[in-house]
Amino acid sequence: MKTVYDMAVIGGGPAGYTAALYAARAGMRVCVLEMALAGGQMTTTDTVDNYPGFDGGIDGWELGEKMKRGAERFSAETLQCEVTACRLTGEIKQLETRTGTIDARTVVLAMGASPKLLGIDDEARLWGRGVHTCAHCDGRFYRGKTAVVLGGGNSAAADALYLARFAGKVYLVHRRDSLRAEQFYKNALAASPVETVWNKTAVAFAGEERVEGVILRDVNDGVETTLACDGVFISIGRQPQTALVRGQVALDPAGYIIADETTKTDLPGVFAAGDIRTKQLRQIVTAAADGACAAHAAEEYLAQAGIKA
106 MKTVYDMAVI GGGPAGYTAA LYAARAGMRV CVLEMALAGG QMTTTDTVDN
156 YPGFDGGIDG WELGEKMKRG AERFSAETLQ CEVTACRLTG EIKQLETRTG
206 TIDARTVVLA MGASPKLLGI DDEARLWGRG VHTCAHCDGR FYRGKTAVVL
256 GGGNSAAADA LYLARFAGKV YLVHRRDSLR AEQFYKNALA ASPVETVWNK
306 TAVAFAGEER VEGVILRDVN DGVETTLACD GVFISIGRQP QTALVRGQVA
356 LDPAGYIIAD ETTKTDLPGV FAAGDIRTKQ LRQIVTAAAD GACAAHAAEE
406 YLAQAGIKA
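Residue numbers (the working numbering): 106 to 414.
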């Protein structure tokens, strides 16, 4: 007889594996569907300093492996595969993979959100060597140094203000002559040492082994100049990985799954955890918290349906 899991989790990041841990520990039969490495975006971070319990920091890949082993300790299964389609309505949800169909009574959507990148020369080559997308993750490396933030929205403004706490100099570079950020952030920036560079776009990075500057092009006259710096933080938004479920669950205008702190979506038995859902802060610790909430909500859903895990 074909296996019907109590919970299938799509995505093996901190949200996914925390959901799997809590659910498996509660006696549910759980599988995690992950097509790459355990840990999601954590695996691109050399040192995670802001996750509780590791007073000396921890490598992102190692933290992901620890989360995976923690869930598997309670018999959660990891299936290395890509989900290509899904049917999320009905009592039994079906997830299509290249090796077959996974059936589950509940589904946790934990596919995450990827930072939008510039797509310019040397972006990939200098990634982690002066090119970053998370100020809270990597900002500590720029104490007393010069950092550049690229962007003009709330996230870019918040990143610049955060970096200004310890960096020697912070530039906020925006392609327009006014920020898209809310007035609160505009006021905070005006009262801070952050220097805003208007009407410029980044077209390349300077430096061989690591970033030594960013080459900016004036949007009005096309003149290019080099702004010397030690690090660049790209803060131009994120792209939620919701293509798989578009048209099935409700999304907000930015493409994130609409779900509150309960992680419940508008579909019974379907939950959204981590960076993929609408939320104020997207960090490892908040993703893990979502995973715990999703497992609890799924357990309640099964109990109300009269299904004993």
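Built from N, CA and C at the ideal position, the CB exists for glycine as well.
If you run the structure through DSSP and keep just helix, strand and coil, what is Val337?
-> Here the question's residue 337 lines up with position 232 in the sequence shown. Val337: strand per DSSP, three-state reduction.
Roughly how many angstroms separate the alpha carbons of Val333 and Glu317, rounded to a whole number?
-> Position 228 of the sequence shown, counted from the first residue, corresponds to residue 333. Position 212 of the sequence shown, counted from the first residue, corresponds to residue 317. Note on identity: in this sequence residue 333 is Ala, with Val being the wrong assignment. One C-alpha to the other measures close to 6 Å.
Quick one: which unbroken alpha helix (DSSP H) runs of 4-plus residues sit fully inside the segment 246-301? Chain order, please.
-> 259-268 and 288-295
Residues in its own chain within less than 8 Å of Ile412 by CB, not counting five upstream and five downstream?
-> Counted from its first residue, the sequence shown places residue 412 at position 307. Contacts found: Asp111 and Arg210.
My guess is that Ala215 and Val114 are in contact by the Cβ rule of under 8 Å, so how many angstroms apart are they, rounded?
-> Residue 215 sits at position 110 when you count from the first residue of the sequence shown. Residue 114 sits at position 9 when you count from the first residue of the sequence shown. At roughly 6 Å, the Cβ-Cβ gap stays under 8 Å, so Ala215 and Val114 are in contact.
When we look at the beta-carbon of Lys173 and count the other beta-carbons within 10 Å, is it buried (16 or more) or exposed?
-> Position 68 of the sequence shown, counted from the first residue, corresponds to residue 173. Answer is buried; the Cβ neighbour count reaches 16.
Measuring CA to CA, which of Ala293, Tyr127 and Val212 is closest to Asp371?
-> On the sequence shown, residue 371 is found 266 positions in, with the first residue counted as 1. Taking only the C-alpha atoms, the option nearest Asp371 is Val212.
At which residue ranges does the segment 159-189 contain complete beta strand (DSSP E) runs of 3 or more residues, listed in the order of the chain?
-> 182-185
Exposed or buried, which one is Ala359 when buried takes at least 16 other CB atoms within 10 Å?
-> Numbered from 1 along the sequence shown, position 254 holds the residue referred to as residue 359. Per the 10 Å Cβ criterion, exposed.
Contact set for Pro220: own chain, Cβ-Cβ below 6 Å, skip 5 residues either direction | Position 115 of the sequence shown holds residue 220. Taken in chain order, the residues that qualify are Thr238 and Arg343.
Separation of Tyr290 from Arg234, as counted between CA atoms | Looking up residue 234 in the sequence shown gives position 129. Looking up residue 290 in the sequence shown gives position 185. Approximately 28 Å, taken between the alpha carbons.
Please classify Pro419: does DSSP put it in a helix, a strand, or coil?
-> Nothing about residue 419 can be read from this structure; the chain reaches only from 106 to 414.
From the DSSP output, read off the bridge partner residues of Leu138.
-> Sequence index remark: in the sequence shown, residue 138 carries index 33 (1-based). Answer is Ile115 and Leu184, bridged to Leu138.
What separation, rounded to the nearest whole angstrom, lies between the Cα atoms of Glu162 and Gly169?
-> Looking up residue 162 in the sequence shown gives position 57. Looking up residue 169 in the sequence shown gives position 64. The identity of residue 162 in the sequence shown is Gly, whereas the question assumes Glu. Cα to Cα, Gly162 sits roughly 13 Å from Gly169.
For Glu404, name the three-state secondary structure that DSSP assigns.
-> What you label residue 404 is simply residue 299 of the sequence shown in a count that begins at 1. In the structure shown, Glu404 sits in a helix (DSSP, three-state: H, G or I).
C-beta atoms of Leu495 and Cys191 nearer than 8 Å = Residue coverage of the chain in this structure runs from 106 to 414, which leaves residue 495 outside it and unanswerable.
With 16 as the cutoff for other CB atoms within 10 Å, does Pro345 come out buried or exposed?
-> If you number the sequence shown from 1, residue 345 lands on position 240. The residue in question, Pro345, is buried, as its Cβ has 16 or more Cβ neighbours within 10 Å.
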